[in-house]
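K.L.:
Residue numbers (the working numbering): 989 to 1575.
1. Leaving aside the five residues before and after residue 1066 along the sequence, list all residues of the same chain whose C-beta is less than 8 Å from its C-beta, in chain order.
2. Report yes if the CB atom of residue 1367 is closer than 7 Å to the CB atom of residue 1212, and no otherwise.
3. Return the CA-CA distance between residue 1027 and residue 1223, expressed in angstroms with no decimal places.
4. My output table needs one value for residue 1404: the three-state DSSP class, helix, strand or coil.
5. To the nearest angstrom, how far is it from the Cα of residue 1107 to the Cα of residue 1070?
6. Mapping the DSSP letters down to three states, classify residue 1070 as helix, strand or coil.
7. Taking the beta strand (DSSP E) that residue 1007 falls in, what are its first and last residues?
8. Between which two residues does the beta strand (DSSP E) holding residue 1041 run?
9. Given that a residue counts as buried once 16 or more other Cβ atoms are within 10 Å of its Cβ, and exposed if not, what is residue 1516?
10. If you draw a straight line from the C-alpha of residue 1558 to the C-alpha of residue 1552, how long is it?
11. In or out: residue 1111 buried (at least 16 other Cβ within 10 Å) or exposed?
12. Do you know how far the Cα of residue 1306 is from the Cα of residue 1290?
13. Assuming residue 1040 and residue 1018 form a contact by the criterion Cβ under 8 Å, report the distance between their Cβ atoms to the nearest whole angstrom.
14. By the three-class DSSP mapping on this structure, what secondary structure does residue 1301 have?
15. Would you mind stating whether residue 1274 and residue 1345 have Cβ atoms separated by less than 7 Å?
16. Any contact between the region 1001 to 1016 and the region 1398 to 1406? By contact I mean 3 or more CB pairs, one from each, below 8 Å.
17. Report all residues from its chain with a CB closer than 6 Å to the CB of residue 1460; omit the five preceding and five following residues, and keep chain order.
18. With residue 1429 and residue 1462 assumed to form a contact (beta carbons below 8 Å), what rounded beta-carbon distance in angstroms separates them?
19. Would you kindly work out how many angstroms separate the C-alpha atoms of residue 1005 and residue 1192, rounded to a whole number?
20. What number of angstroms, rounded off, separates the C-alpha of residue 1397 from the C-alpha of residue 1541?
21. Starting from the N-terminal side, write out each stretch of the alpha helix (DSSP H) that is 4 residues or longer and does not extend beyond the region 1276 to 1343.
22. Considering only DSSP beta bridges, list what residue 1157 is partnered with.
23. Let me know if residue 1201 comes out buried or exposed under the rule of 16 or more other beta-carbons within 10 Å of its beta-carbon.
24. Write down every uninterrupted run of the beta strand (DSSP E) in the region 1135 to 1204 whose length is 3 residues or greater and which is fully enclosed by it, in chain order.
25. Cα-Cα, which of 1130, 1422, 1036, 1060 is closest to residue 999?
26. Which value, in whole angstroms, describes the spacing of the CA atoms of residue 1464 and residue 1476?
27. Less than 7 Å between the C-beta atoms of residue 1496 and residue 1504, yes or no?
28. Which partner residues of residue 1496 appear in the DSSP bridge assignment?
29. Can you name the start and end residues of the alpha helix (DSSP H) that residue 1502 belongs to?
30. Among 1535, 1146, 1170, 1009, which residue has its Cα nearest to the Cα of residue 1033?
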């Protein structure tokens, strides 16, 4: 009997290369990871500790480890006493699978008549669960190759079960901690690891307070600190982790030849000139503009008496004590000559209101913009200086106190892969781990991706060493929710460009069919490819699996609706002006 080709994508998927699996919520991701683990043990002969699996949380590592153990126990129990044709295994799998099973069915099977004519072959077990049938197909396909006896395969699987505690299933921080501990020479780390701080908030607060105290003694710097962090040192502390994490801080410090004294002198002069112009021409200019509004010369859409009165009140206060530190009225630019001309109705183009004030307003706004640009450059320089100082101070405190944070673990490995022993470290890690499976890849940042790419992928170090890529990335860019912890969906999108896309997991086994249909309808209205307003992230409809039905959720004795929309009432009318939409806080 010839062996039929297996067509289930995750039974045939090559176990090498850089492959990206897009897995929406509830589509059997852990099931698929367990399948890949089983194939790596069965087909490639890997020991349990040679397969690296990285996921995002400790609870996820425990769940994945449990599911892998269950699948290996199952596989050991299903090894037949004699090889079973792969084609028959394919028949057993495909004969029991509905069109929406967690994996597509495996391939072309022997004809029913052929099976009927061969009483030595076991019958398809139509009642068995998908994981059982899928595992049978994996075992049968491997044994049909004739390179291993059933007894030898069973012993290997039993050994894998016994070694499950050696399974390399970690969080990214757990993996990096192990690398630094087990490869201290290559990574340049001390053999006695520093104490791990579960929470570095207190340390960041201490550094932020020191930075603030040192710089706030200077009046100009204190002004910039308050402009950047109005909440004081506590606000700086809350931003400090993000500030020091990124390898490149944008924008860069701009070179400038501006003389600050000259800029300040110019804006002071412009402020005084504007105040003098208002004293001399303010009343006449106000009357001219009001007359132009009433006469239809100025657009009544662009120019309104209400804000004009407010602006003149601002002028009165400004003229009494002219200062560029007084925030300009939002409508002040509307009184420049260019804006007045633009706001004049075309048939009255030759009757635009004019006043010497317009020239002084333009000069003041230009001088003010130059000062604000200078202040912005000064604050950017302060950000860079604060970041550099914070990195140095944090490093010093950590060394003095013999402590490290979770971010330090990732940084330690990333830096080691840029050091003198990088090639040796890559070689040691690839000897230790034959392949890596990275779960929740959408929440990976640049540092983490550089580690996986250089060791298991197609990064410069792996390429230079001539290593065959062996990296599976599993994730869903729509679920990128850990930006506050450094996760960057752009890392996912950049990796997707070079990775080979594996068949997506297209059946949802967690949600009711009606819910899936309702969500699909919502995103269809937005356009699947445009729904997330980000190139490379599209909504892919999924089909309902076989585990849930709409009747699973009852409300008052009847099937609950798939989707309920609540319409917010109209917001209360304001005391003045037009109604405004609900703010998040008020809602």
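Virtual Cβ for every residue (Gly too), placed ideally from N, Cα, C.
Remember, it's a predicted structure, so these values are computed and weren't measured experimentally.
P.N.:
Taking the definition as stated:
1. 1120, 1123, 1124, 1127
2. yes
3. 51 Å
4. helix
5. Residue confidence for residue 1107 is low, a pLDDT of 44 falling below 50, so the modelled location carries little weight; the figure read from the coordinates is stated next. So the two alpha carbons sit approximately 15 Å from each other.
6. coil
7. 1005 to 1010
8. 1039 to 1043
9. exposed
10. 19 Å
11. With a pLDDT of only 47 at residue 1111, under 50, the local geometry of the prediction cannot be trusted, and no value is derived from it.
12. 24 Å
13. Not really, about 16 Å apart at Cβ, beyond 8 Å.
14. helix
15. no
16. no
17. 1007, 1425
18. 6 Å
19. 41 Å
20. 44 Å
21. 1293 to 1308, 1325 to 1330
22. 1041
23. exposed
24. 1156 to 1159
25. 1130
26. 12 Å
27. yes
28. 1532
29. 1501 to 1514
30. 1146
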